[in-house]
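Residue numbers (this note's numbering): 27 to 458. Where is the CB? At the ideal position from N, CA and C, for every residue including glycine. Here the structure comes first, spelled out in structure tokens, and everything after it is commentary.
So, in structure tokens, the structure goes:
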């Protein structure tokens, strides 16, 4: 399985069938097959032989209405390592039923996680955590024992949330995350059912919503070449389906994308450019699936805790949750980088960021910065941040959807919790 089809339809509850069409004009169709909602490739692709495929797919609802879309399938050019007398620099080894060891001779090891399937109606978050041994113990605490969930969260890294309602034109078949670990770290994985690591730590989501691997929650499959599939069951649909959230995990020698250094941490939806000395170009794509005409902006913080330097001395003068934080954010945000888009459409923005800093997004609900700064408190819109303590409802309003991809929820107290009201995806490039 290389991808899962998702159709957005105003008729709630519709079911859809998928088919490859127009074979004469799309000969690459023959390289693929469709099983339910899953797109499968008939033979393992080889970048050196063919770097991309062009196919055409039709989705048909239960009333016979259909829509056709052309899709390009790109093949990754992976480092296949030497053909003899050596081995790949980094590899992932399964050392027990649900514990994996990431092995490398580099100073750091990188894990790549790719979303390959999704059928849950919930917005679940996937995470990874380090354990001490093949039994999955943490500081002497075994899986299932009192305190294990808390110990796992203390060692955790956020991977991404999988949203079930995809904004139009957002590519749900191209979601991945790279995470850095120490060599020979032992890894287990978890799912936060209809919540996030942030919301569990804040006490908003019960810690009982953490789903750990077991025979009833996870099917792990060896795909070969140090690749594995993790298929999760969250209990919301077919209890034996193991299709609610499916990912591929693999070790890689690829570096972490620029800006993602803090994104695997709790409340880490930000752009970390502290290791860059010059300027960075930023190319943003914005998607919307919301009635509200929202505004996303970015502001500079002194550190990962979200403090703002007001007097220019390099230290935080105001922290998330303190009086005046919202006004300070809007006053100092990058006014030349305000993001918005028409509902159901996409918009592209370009900007330049200075290195040596952390930039954090914020959301103004159905309004613009002027309404926050006009000294008329009666028309102040809701403003939400990645830091839960800065939000008036103390609720999570931003989720990580993949590397340099953020999803926003614009309704108070989490609303419908779909995190698709505004989705911002961006690419960064340091200017030489």
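Cα-Cα separation, residue i to residue j
i	j	result
residue 206	residue 404	46 Å
residue 191	residue 305	35 Å
residue 107	residue 307	Unreliable positioning characterises residue 107 in this predicted model, as indicated by a pLDDT of 44, which lies under 50. The coordinate reading is nonetheless provided below. Cα-Cα distance, rounded: 32 Å.
residue 95	residue 83	6 Å
residue 203	residue 319	29 Å
residue 310	residue 281	21 Å
residue 14	residue 330	Coverage of the chain is limited to positions 27 through 458, which leaves residue 14 absent and any answer about it impossible.
residue 264	residue 302	47 Å
residue 392	residue 312	15 Å
residue 45	residue 408	43 Å
residue 256	residue 217	11 Å
residue 240	residue 128	21 Å
residue 40	residue 372	25 Å
residue 268	residue 151	16 Å
residue 436	residue 231	18 Å
residue 158	residue 135	17 Å
residue 187	residue 440	15 Å
residue 379	residue 254	37 Å
residue 334	residue 382	15 Å
residue 67	residue 130	30 Å
residue 375	residue 201	20 Å
residue 31	residue 143	8 Å
residue 98	residue 226	38 Å
residue 80	residue 50	12 Å
residue 266	residue 272	14 Å
residue 369	residue 197	17 Å
The beta strand (DSSP E) enclosing residue i, as first and last residue numbers
i	result
residue 172	Unbroken run through residue 172: none, as it is neither H nor E.
residue 81	78-87
residue 93	92-100
residue 123	Segment: none, residue 123 is in no beta strand (DSSP E) and carries neither H nor E.
residue 204	202-207
residue 212	211-218
residue 455	448-456
residue 431	431-434
Residue environment, residue i, which counts as buried when at least 16 other CB atoms sit within 10 Å
i	result
residue 425	buried
residue 385	buried
residue 463	With the chain covering only 27 through 458, there is no way to say anything about residue 463.
residue 221	buried
residue 172	exposed
residue 100	exposed
residue 219	buried
residue 212	buried
residue 193	buried
residue 362	exposed
residue 91	exposed
residue 248	exposed
residue 162	buried
residue 145	buried
residue 250	exposed
Cut-off 7 Å between Cβ atoms - residues of its own chain near residue i, not counting five sequence neighbours on either side
i	result
residue 189	149, 427, 433, 444, 445, 446
residue 350	344
residue 346	332, 411, 413, 415, 416
residue 224	292, 293, 414, 422
residue 364	321, 323
residue 48	82
residue 43	86
residue 442	none
residue 457	304, 305, 306, 307
residue 337	343
residue 147	190, 262
residue 178	155, 164, 216
Contacting residues, own chain, Cβ-Cβ under 8 Å from residue i (five flanking each side not counted)
i	result
residue 132	115, 116, 209, 279
residue 430	283, 285, 286, 289, 297, 451, 452, 453, 454
residue 359	323, 324, 325, 388, 395
residue 76	101
residue 340	328
residue 398	352, 353, 356, 390, 406, 407, 409
Terminal residues of the alpha helix (DSSP H) in which residue i lies
i	result
residue 227	223-227
Own chain residues within Cβ distance below 6 Å of residue i, not counting five before or after
i	result
residue 160	121, 122, 125
residue 175	233, 236
residue 199	29
residue 238	216
residue 438	419
residue 228	414
Closer than 8 Å to chain B by CB, residue i
i	result
residue 258	Among the protein chains of the structure shown there is no chain B, as only one such chain exists.
- Item | alpha helix (DSSP H) segments (min. 4 residues) lying fully within the region 292-370 | 351-358
- Task: Report the residue ranges of all beta strand (DSSP E) runs contained in full by the region 238-299; include only those spanning at least 3 residues, in chain order.
- Result: 244-250, 253-258, 271-278
- Note down, one range per segment and in chain order, each beta strand (DSSP E) of at least 3 residues found wholly within the region 372-424. 372-380, 384-390, 409-411
- Residue ranges of each alpha helix (DSSP H) within the region 126-196, 4 or longer: 174-180
- Message: In chain order, what are the residue ranges of uninterrupted beta strand (DSSP E) at least 3 long that sit wholly in the region 37-66?
- Response: 42-46, 58-61
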